[in-house]
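Chemist: As you go down the protein sequences, you meet chains P and D in turn.
Going by my numbering, the first sequence wraps up at 319, each residue one higher than the last.
Going by my numbering, the second sequence wraps up at 294, each residue one higher than the last.
All C-beta atoms in this analysis are idealised placements derived from N, C-alpha and C, irrespective of residue type, glycine included.
If you're wondering where the values come from, they're calculated on a predicted model, not measured in any experiment.
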Amino acid sequence: MEIPYTVTARPDTGLWNAKVGIWLFLASEVMLFGGLFSAYVFLRLDAAPGAWPHGLLNVPVGTMNTAILIASSVTVVMAWASLKMRRFRAYWWYMLVTILCGVTFLGVKLIYEWPQKFEHFGAFIKKDALEKYEPYLGNHHLAEKGLAPRTEISGHLHNHEALHDENVKEYEIALDPVNADPTNPLMDRPHFLYVPPTEKLAKIEKADVEYANMFLPKHSAYFASYFTITGLHGLHVLGGVIVFTYLWLPVGTKLYKRNPEHLANRVEVAGLFWHFVDLVWIFVFPLFYLL
Amino acid sequence: MSLKGFHIVFITVSTLLALGVGAWCIWVERMEGAPAFRAGAICSFVAALALIAYGVWFYRKMKRLRIIT
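(1) Secondary structure at P/Leu203, three-state DSSP: helix, strand or coil?
(2) Between P/His186 and P/Glu200, is the Cβ-Cβ spacing less than 8 angstroms?
(3) For P/His303 and P/Lys173, I'd like the C-alpha separation in whole angstroms.
(4) Determine the DSSP secondary structure at P/Tyr239, reduced to helix, strand or coil.
(5) Say whether chain P places a C-beta atom closer than 8 angstroms to the C-beta of D/Trp249.
(6) Got a sec, what are the start and stop residues for the beta strand (DSSP E) P/Phe149 sits in?
(7) For P/Ala230, list the residues DSSP reports as bridge partners.
(8) May I ask you to verify whether the stretch 122-133 of chain P touches the stretch 221-228 of chain P, counting CB pairs closer than 8 angstroms and requiring at least 3?
(9) Tell me the start and end of each unbroken alpha helix (DSSP H) in the stretch 60-134 of chain P that is at least 4 residues and wholly inside, in chain order.
(10) Is P/His303 close to chain D? Criterion is C-beta to C-beta, closer than 8 angstroms.
(11) Report, in whole angstroms, the separation of the C-beta atoms of P/Ser248 and P/Pro143, which I expect to be a contact under 8 angstroms.
(12) Please list the terminal residues of the continuous alpha helix (DSSP H) segment that includes P/Ile289.
(13) How would you label P/Lys112, buried or exposed, when you count the other beta carbons within 10 angstroms and need 16 or more for buried?
(14) Report yes or no: do three or more beta-carbon pairs, one from the stretch 264-284 of chain P and one from the stretch 73-93 of chain P, lie closer than 8 angstroms?
(15) Against D/Gly245, what residues of chain P qualify as contacts under a CB-to-CB distance less than 9 angstroms, listed in chain order?
(16) Looking at the structure shown, is P/Gly268 part of a helix, part of a strand, or coil, going by DSSP?
(17) Which one of P/Val102, P/Tyr317, P/His290, P/Ile232 has the shortest CA to CA distance from P/Pro32?
(18) Between P/Glu296 and chain D, is the shortest Cβ-Cβ distance under 8 angstroms, so that the two count as touching?
(19) Does any residue of chain P have a CB that is nearer than 8 angstroms to the CB of D/Leu228?
(20) Would you grab the beta carbon distance between P/Ala230 and P/Leu203 for me? Rounded to a whole angstrom, and I think it's under 8 angstroms.
(21) Output the distance between the C-alpha atoms of P/Leu124 and P/Ser110, rounded to the nearest integer angstrom.
(22) Can you give me the start and stop residues for the beta strand (DSSP E) that D/Ile233 sits inside?
(23) What distance in whole Å lies between the Cβ atoms of D/Ala248 and D/Leu276, which are believed to be in contact at a cut-off of 8 angstroms?
(24) So, using beta-carbon positions, are P/Val89 and P/Glu147 closer together than 8 angstroms?
(25) Check whether the Cβ of P/Thr91 lies closer than 8 angstroms to any Cβ atom in chain D.
(26) Between the Cα of P/Pro314 and those of P/Tyr68, P/Pro39, P/Arg38, P/Glu189, spot the shortest distance and give me the residue it belongs to.
(27) Taking the continuous beta strand (DSSP E) assigned at P/Glu180, which residues delimit it?
(28) Measure the beta-carbon distance from P/Leu275 to P/Arg294 and round it to whole angstroms, keeping in mind my assumption that it falls under 8 angstroms.
(29) Give the interface partners of D/Leu257 over in chain P, defined as CB-CB distance under 7 angstroms, in chain order.
(30) Check whether the Cβ atoms of P/Gly268 and P/Phe311 lie closer than 8 angstroms to each other.
Printed below as a string of structure tokens:
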């Protein structure tokens, strides 16, 4: 059975069906991501001064991923324009580059950025024990400068069993530079670059800890929002890559031979989705990485 | 809106982002005294210029081709 209005416009809407469908879908997506962004903004506004993590993400890596997505938007439009001009070979190459850009973006997220967070550990110290850990927190120094106090000691956890075993009474951490040298003026502000943990070890008694965990979604509202939004965005990127791959495979060639305009319309719809996904990232990047 | 129109919107927003990142890099350099961010600012402003040039080129090309409405 021939599906109507895949190439020609419907008389009542003036558009072919898939275009109406994708814009309705994108409208629902705006509401989904809009809700999540709103949640993030309100959580952040409600946080106590100095309590919201800042500068934990690697800005150069995030910038590179942003550039990759912008480049992929250019190539997907070029792929569509090539089909419109009936240049199938050019379409094939542009689509391949788009797919590779999407895969690279996901690779950076899944192989580099996320695992780096999963391997990191943070312990929030109880208020009455802050003085005991002053050599790692440097709150006297911060108070002199009128800056918000630190309550978290972070780094690489050496004894992972401490997370689950009640008999282990303390955490052994290779400290982050901010806790290894807390009175250094360079540590007063966030770095926005990856700074590896130091060799300096600290032992923190569990009895002095309010809450401790790896940098997972349950670590804090910040990481919960970060992993939810970037995870959902990543799933959208994956969806886009799957659709592009389908259109790039011989299925696309067959459709092109049968009806090139139909393939061009499919690529346009997929391209609209891809642009939306990239636009979401344009908001994610400054919100999480810079501000 | 066609893909062409959405692409122009996207490139406009990307240009604004590049300008914003450049301004942010200058702010970080001044506040934190981190010279590495000066290079970031220059790269961001160059990227913004490149995006503007590309946007103009794309708009003209699409207009000239006429096959894409």
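Modeler: Let me spell this out:
(1) Start at 1 with the first residue of the first sequence, and residue 203 of chain P comes out as number 175. In the structure shown, P/Leu203 sits in a strand (DSSP, three-state: E or B).
(2) The count along the first sequence starts at 1 and reaches residue 186 of chain P at position 158. The count along the first sequence starts at 1 and reaches residue 200 of chain P at position 172. When the beta-carbon positions are compared, P/His186 and P/Glu200 come within less than 8 angstroms of each other.
(3) Numbered from 1 along the first sequence, position 275 holds the residue referred to as residue 303 of chain P. Numbered from 1 along the first sequence, position 145 holds the residue referred to as residue 173 of chain P. Each residue's alpha carbon lies about 45 angstroms from the other.
(4) Position 211 of the first sequence, counting from 1, holds the residue named residue 239 of chain P. Residue state, collapsed to three classes: strand.
(5) Position 24 of the second sequence, counted from the first residue, corresponds to residue 249 of chain D. True, the Cβ-Cβ gap to chain P drops below 8 angstroms.
(6) Here residue 149 of chain P refers to the residue found at position 121 when the first sequence is read from its first residue. Looking at the DSSP string, the run of the beta strand (DSSP E) that includes P/Phe149 is 148-153.
(7) For the purposes of this step, residue 230 of chain P is taken as the residue at position 202 of the first sequence. Answer is P/Ile201.
(8) no
(9) 87-112
(10) Sequence index remark: in the first sequence, residue 303 of chain P carries index 275 (1-based). It does; some Cβ of chain D falls within 8 angstroms.
(11) Here residue 248 of chain P refers to the residue found at position 220 when the first sequence is read from its first residue. Here residue 143 of chain P refers to the residue found at position 115 when the first sequence is read from its first residue. The pair is not a contact, with the Cβ atoms about 18 angstroms apart (cut-off 8 angstroms).
(12) Counted from its first residue, the first sequence places residue 289 of chain P at position 261. Note that residue 289 of chain P is Glu in the sequence shown, not Ile. P/Glu289 -> alpha helix (DSSP H) spans 288-312.
(13) By one-based count along the first sequence, residue 112 of chain P stands at place 84. By the neighbour-count rule (16 or more Cβ atoms within 10 Å), P/Lys112 is buried.
(14) no
(15) Residue numbering aside, residue 245 of chain D sits at position 20 when the second sequence is read from its first letter. Neighbours of D/Gly245 on chain P, chain order: Pro314, Leu318.
(16) Numbered from its first residue, the first sequence carries residue 268 of chain P at position 240. Helix at P/Gly268.
(17) Here residue 32 of chain P corresponds to residue number 4 of the first sequence, with the count starting at 1. It is P/His290 whose Cα lies nearest to the Cα of P/Pro32.
(18) Position 268 of the first sequence, counted from the first residue, corresponds to residue 296 of chain P. Cβ-Cβ to chain D under 8 angstroms: yes for P/Glu296.
(19) Here residue 228 of chain D is taken as the residue at index 3 of the second sequence, counted from 1. Yes - at least one Cβ of chain P is within 8 angstroms of the one on D/Leu228.
(20) Residue mapping note: residue 230 of chain P aligns to position 202 of the first sequence, counting from 1. Residue mapping note: residue 203 of chain P aligns to position 175 of the first sequence, counting from 1. That belief holds up - the Cβ atoms of P/Ala230 and P/Leu203 are roughly 5 angstroms apart, short of 8 angstroms.
(21) Position 96 of the first sequence holds residue 124 of chain P. Position 82 of the first sequence holds residue 110 of chain P. Each residue's Cα considered, the two are about 13 angstroms apart.
(22) Numbered from 1 along the second sequence, position 8 holds the residue referred to as residue 233 of chain D. No beta strand (DSSP E) contains D/Ile233, which is instead part of the alpha helix (DSSP H) from 228-257.
(23) As a first step, residue 276 of chain D must be located in the second sequence, where it is residue number 51. As a first step, residue 248 of chain D must be located in the second sequence, where it is residue number 23. 15 angstroms between Cβ atoms; not a contact.
(24) Counting from one through the first sequence, the residue named residue 89 of chain P turns up at place 61. Counting from one through the first sequence, the residue named residue 147 of chain P turns up at place 119. Their beta carbons are not under 8 angstroms apart, which means P/Val89 does not touch P/Glu147 by this criterion.
(25) As a first step, residue 91 of chain P is located in the first sequence; it is residue number 63 there, counting from the start. Yes, P/Thr91 lies at the interface with chain D (some Cβ there is under 8 angstroms from its Cβ).
(26) Indexing the first sequence from 1 puts residue 314 of chain P at position 286. The candidate whose alpha carbon is nearest that of P/Pro314 is P/Tyr68.
(27) Position 152 of the first sequence, counted from the first residue, corresponds to residue 180 of chain P. Here the beta strand (DSSP E) through P/Glu180 covers 180-185.
(28) Position 247 of the first sequence holds residue 275 of chain P. Position 266 of the first sequence holds residue 294 of chain P. Contact flag correct, Cβ pair sits at about 6 angstroms.
(29) Within the second sequence, residue 257 of chain D is the residue found at index 32, counting from 1. It is worth fixing the name first, because residue 257 of chain D is Glu in this sequence and not Leu. Going along chain P in sequence order, the residues near D/Glu257 (Cβ under 7 angstroms) are Arg217.
(30) Looking up residue 268 of chain P in the first sequence gives position 240. Looking up residue 311 of chain P in the first sequence gives position 283. Not in contact: P/Gly268 and P/Phe311 (Cβ atoms no closer than 8 angstroms).
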